[in-house]
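Participant:
Number of protein chains: 2
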Amino acid sequence: MNKVLPIMESCASCPIRHRAVCARCDDDELEQLNQIKFYKTYAAGQTIAMRGDALDVVASVVAGTATLERAIEDGRTQLVGLLLPSDFIGRPGRDTLQYDVTAVTDVTLCCFQRKPFEALLIRIPHVQERLLEMALDELDAARDWMLLLGRKTAREKIASFLMLIAKRTVHPDGRVLGDLSRIELPISREAMANFLGLTIETVSRQFTGLRKDGVIELDGNRSVRIPDLETLLLESGDDSDGGPLI
Amino acid sequence: MNKVLPIMESCASCPIRHRAVCARCDDDELEQLNQIKFYKTYAAGQTIAMRGDALDVVASVVAGTATLERAIEDGRTQLVGLLLPSDFIGRPGRDTLQYDVTAVTDVTLCCFQRKPFEALLIRIPHVQERLLEMALDELDAARDWMLLLGRKTAREKIASFLMLIAKRTVHPDGRVLGDLSRIELPISREAMANFLGLTIETVSRQFTGLRKDGVIELDGNRSVRIPDLETLLLESGDDSDGGPLI
DNA sequence: ACCACGCATTGACACAGATCAACGGAGGGT
DNA sequence: ACCCTCCGTTGATCTGTGTCAATGCGTGGT
Numbered sequence: 001m002n003k004v005l006p007i008m009e010s011c012a013s014c015p016i017r018h019r020a021v022c023a024r025c026d027d028d029e030l031e032q033l034n035q036i037k038f039y040k041t042y043a044a045g046q047t048i049a050m051r052g053d054a055l056d057v058v059a060s061v062v063a064g065t066a067t068l069e070r071a072i073e074d075g076r077t078q079l080v081g082l083l084l085p086s087d088f089i090g091r092p093g094r095d096t097l098q099y100d101v102t103a104v105t106d107v108t109l110c111c112f113q114r115k116p117f118e119a120l121l122i123r124i125p126h127v128q129e130r131l132l133e134m135a136l137d138e139l140d141a142a143r144d145w146m147l148l149l150g151r152k153t154a155r156e157k158i159a160s161f162l163m164l165i166a167k168r169t170v171h172p173d174g175r176v177l178g179d180l181s182r183i184e185l186p187i188s189r190e191a192m193a194n195f196l197g198l199t200i201e202t203v204s205r206q207f208t209g210l211r212k213d214g215v216i217e218l219d220g221n222r223s224v225r226i227p228d229l230e231t232l233l234l235e236s237g238d239d240s241d242g243g244p245l246i
Numbered sequence: 247m248n249k250v251l252p253i254m255e256s257c258a259s260c261p262i263r264h265r266a267v268c269a270r271c272d273d274d275e276l277e278q279l280n281q282i283k284f285y286k287t288y289a290a291g292q293t294i295a296m297r298g299d300a301l302d303v304v305a306s307v308v309a310g311t312a313t314l315e316r317a318i319e320d321g322r323t324q325l326v327g328l329l330l331p332s333d334f335i336g337r338p339g340r341d342t343l344q345y346d347v348t349a350v351t352d353v354t355l356c357c358f359q360r361k362p363f364e365a366l367l368i369r370i371p372h373v374q375e376r377l378l379e380m381a382l383d384e385l386d387a388a389r390d391w392m393l394l395l396g397r398k399t400a401r402e403k404i405a406s407f408l409m410l411i412a413k414r415t416v417h418p419d420g421r422v423l424g425d426l427s428r429i430e431l432p433i434s435r436e437a438m439a440n441f442l443g444l445t446i447e448t449v450s451r452q453f454t455g456l457r458k459d460g461v462i463e464l465d466g467n468r469s470v471r472i473p474d475l476e477t478l479l480l481e482s483g484d485d486s487d488g489g490p491l492i
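Chains A and B, in that order, give the protein sequences. Read in order, the letters of the first sequence correspond to residues 1 to 246 in the numbering used here. Read in order, the letters of the second sequence correspond to residues 247 to 492 in the numbering used here.
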């Protein structure tokens, strides 16, 4: 809890401000948001919320990684959302949650009670607008993901995932946060398998395949070096016209 | 074009009003929407818009079926959206379209020029709210779809698809439009294959499999009778706690 | 230093679904 | 009535990925 204190002062100093709901607020509006917000932390592995839970808060991810998961009774599960810093959880206007939310690393959330938050939406229209924009972004991401799940080979799935993570280490405003050629995987092999609609064995085999072909270099289990991003992009099967890499 | 004329009078008489953007508008606000709206029809098979196109209109589907499609250069394609009457196309705030939109039957759209529509959003807040709600609905649907693509067997995929279509013949307000036990498939085997991440051969085989097992009865290529909806639900692999059937 | 546990890798084999190929049947134009 | 085309079905075979099982490796606890 301690290490997140600095950013608790004000939303204005929030490191995720650029994508969060408050992206376009002036100081006055930030103050209104500040009055109803609070921070909450979860340990790695902890369940943040379960399908069917009443949804009385909405939140932005400040630090860490969480997953949105959908399961069938027989044990099959599919990740349906990967929540990285700046992503938003929860939906104004909904009463219950549709998915299991789990912290896969230590997670810090910036929470808002849903009711006062909804009341605030009425007073601050561009927050509403921002939420729509974020929902549409998520929808686009979900649709690309559907193409991946439905039509890509295991190798393409892994390559696409690596590209996705590489891209997420970059600010939407274009500022590079990390070294694109070295990415830290935020999730385990098992979570990756659930992300990609594969088994962990296949994920593992594809990693070694890409390594043997010189497309990636592994440095431990969670760190990947990418000698040439273009080669990886080629492996991913993505349209190259999908906008600039950054 | 002729047969859609009656609904062109006013949004208030629009048969899809219950889910369209104007769901909660009063007469005054409807009038404002009416002033910027116009209808457009497309023949079956016609391309409505292509990936990369400038997005100067948004629209509701009034009649017919359209698809949202994402493709890889080598010819693989994946449906990422099925647009049935009352669904909304286009996104305020976006300049270009991410997907190919195709009319699979004759389609009638209720269109709004994007710029005046966006201007209107500012004046009528619950339209904005309604759009967010619809985007979140679509997101939920996309996520269920991801579970289907990533984790379900071919047979479960077909059963799920039939359930989906069966449910869509019912109003969200609970009113049953058609006979649930007889459903008309809005799309071809090929489109179904693209919907489900399968090949048309597999789709065909699963249909005959379900038929031989007495789960469905086929009446031509586009009409399916379902003797017992519960049996089909069981085959679909869906949580039964996913809310009431209707 | 040792063990135990969780996570990742590797191998052998099985199988669901893809691929390739042939056939059937409905509708439309001449 | 005929053919042609499109769409769907069925069969034979192949293959990518799942399944089952064993092994390796790093980390934390005692």
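Every residue gets a Cβ at the ideal spot worked out from N, C-alpha and C, and that includes glycine. All of these numbers come straight from a predicted model, not from anything done at the bench.
What's the C-alpha gap between Arg468 of chain B and Ser306 of chain B?
Facilitator: C-alpha separation (whole angstroms): 25 Å.
Participant: Give the interface partners of Arg340 of chain B over in chain A, defined as CB-CB distance under 8 Å, in chain order.
Facilitator: Within 8 Å Cβ-Cβ: Leu136.
Participant: For a contact meaning CB atoms closer than 7 Å, what does Leu385 of chain B contact in chain A?
Facilitator: Those within 7 Å of Leu385 of chain B in chain A are Ala135, Glu138, Leu139 and Ala142.
Participant: Quickly, what does DSSP pair Ala59 of chain A with across the bridge? List them, please.
Facilitator: The partner list for Ala59 of chain A (beta bridge, DSSP) reads A:Ile89 and A:Cys111.
Participant: Below 8 Å, how does it come out for the region 152 to 164 of chain A and the region 110 to 123 of chain A: are there three or more Cβ pairs, yes or no?
Facilitator: The region 152 to 164 of chain A is not in contact with the region 110 to 123 of chain A.
Participant: Run through the DSSP bridge pairs and tell me what Val347 of chain B is partnered with.
Facilitator: In DSSP, Val347 of chain B forms a bridge with B:Ala295 and B:Leu314.
Participant: Is the separation between the beta-carbon of Val350 of chain B and that of Thr293 of chain B shorter than 8 Å?
Facilitator: Result no, Cβ atoms of Val350 of chain B and Thr293 of chain B do not sit closer than 8 Å.
Participant: Can you give the Cα-Cα distance for Pro85 of chain A and Tyr288 of chain B, rounded to whole angstroms?
Facilitator: C-alpha separation (whole angstroms): 43 Å.
Participant: When the Cβ atoms of the region 213 to 228 of chain A are set against those of the region 118 to 128 of chain A, are three or more pairs found closer than 8 Å?
Facilitator: Cβ pair count under 8 Å is below three, so no.
Participant: In chain A, what lies closer than 7 Å to Met392 of chain B by C-beta?
Facilitator: Going along chain A in sequence order, the residues near Met392 of chain B (Cβ under 7 Å) are Gln78, Val80, Ala142, Trp145, Met146 and Leu149.
Participant: Taking the runs of the alpha helix (DSSP H) that are 4 residues or longer, which of them lie wholly in the region 120 to 171 of chain A?
Facilitator: Taking only runs of at least 4 residues, the alpha helix (DSSP H) segments lying wholly in the region 120 to 171 of chain A are 125 to 151 and 154 to 168.
Participant: Which same chain residues end up closer than 6 Å to Val353 of chain B when comparing Cβ atoms and leaving out the 5 residues on each side of it in sequence?
Facilitator: Taken in chain order, the residues that qualify are Tyr288, Gly310 and Ala312.
Participant: CB Lys413 of chain B to CB Leu442 of chain B, shorter than 8 Å?
Facilitator: Contact: no.
Participant: Select from B:Trp391, B:Leu382, B:Thr348 and B:Ala437 the residue whose C-alpha is nearest the C-alpha of Ala290 of chain B.
Facilitator: Out of B:Trp391, B:Leu382, B:Thr348 and B:Ala437, B:Thr348 has the C-alpha closest to the C-alpha of Ala290 of chain B.
Participant: Reducing DSSP to helix, strand and coil, say where Glu260 of chain A ends up.
Facilitator: The structure shown does not extend to residue 260 of chain A, since chain A is modelled only from 1 through 246, so no value can be given for it.
Participant: Please say whether Ile72 of chain A and Gly396 of chain B have beta carbons closer to each other than 8 Å?
Facilitator: Not a contact, by the Cβ cut-off of 8 Å.
Participant: In whole angstroms, give me the CA-to-CA distance for Val470 of chain B and Ser204 of chain A.
Facilitator: When rounded, the distance between both Cα atoms is 42 Å.
Participant: Return yes when the Cβ of Leu325 of chain B is within less than 8 Å of the Cβ of Asn440 of chain B, no when it is not.
Facilitator: The answer is yes: Cβ separation under 8 Å.
Participant: Can you check whether the CB of Asp346 of chain B is closer than 8 Å to the CB of Arg401 of chain B?
Facilitator: No, the Cβ-Cβ distance between Arg401 of chain B and Asp346 of chain B is not below 8 Å.
Participant: Grouping DSSP H, G and I as helix and E and B as strand, with all else coil, what is Ala289 of chain B?
Facilitator: If DSSP states are grouped into helix, strand and coil, Ala289 of chain B belongs with coil.
Participant: Alpha carbon to alpha carbon, how far is Arg435 of chain B from Ala49 of chain A? Give it in angstroms, no decimals.
Facilitator: Looking at the two C-alpha atoms, the distance is approximately 39 Å.
Participant: Name the residue from A:Glu31, A:Asp87, A:Gly75 and A:Asp144 whose alpha carbon lies nearest to the alpha carbon of Glu315 of chain B.
Facilitator: Minimum Cα distance to Glu315 of chain B is reached at A:Asp144.
Participant: Under 8 Å Cβ-Cβ, which residues of chain A neighbour Gln374 of chain B?
Facilitator: Within chain A, the residues near Gln374 of chain B are Pro125, Gln128, Glu129 and Leu132.
Participant: Starting from the C-beta of Asp299 of chain B, find all residues in its chain whose C-beta is less than 7 Å away, skip the five residues before and the five after it, and write them out in chain order.
Facilitator: If we look at Asp299 of chain B and ignore the five residues flanking it on each side, its Cβ neighbours are Thr342 and Leu343.
Participant: Quick check: the Cα distance between Val58 of chain A and Glu447 of chain B, rounded to an integer number of angstroms?
Facilitator: The straight-line gap from Cα to Cα measures roughly 45 Å.
Participant: Give the DSSP-derived three-state secondary structure of Val203 of chain A in the structure shown.
Facilitator: Of the three classes helix, strand and coil, the one that applies to Val203 of chain A here is helix, per DSSP.
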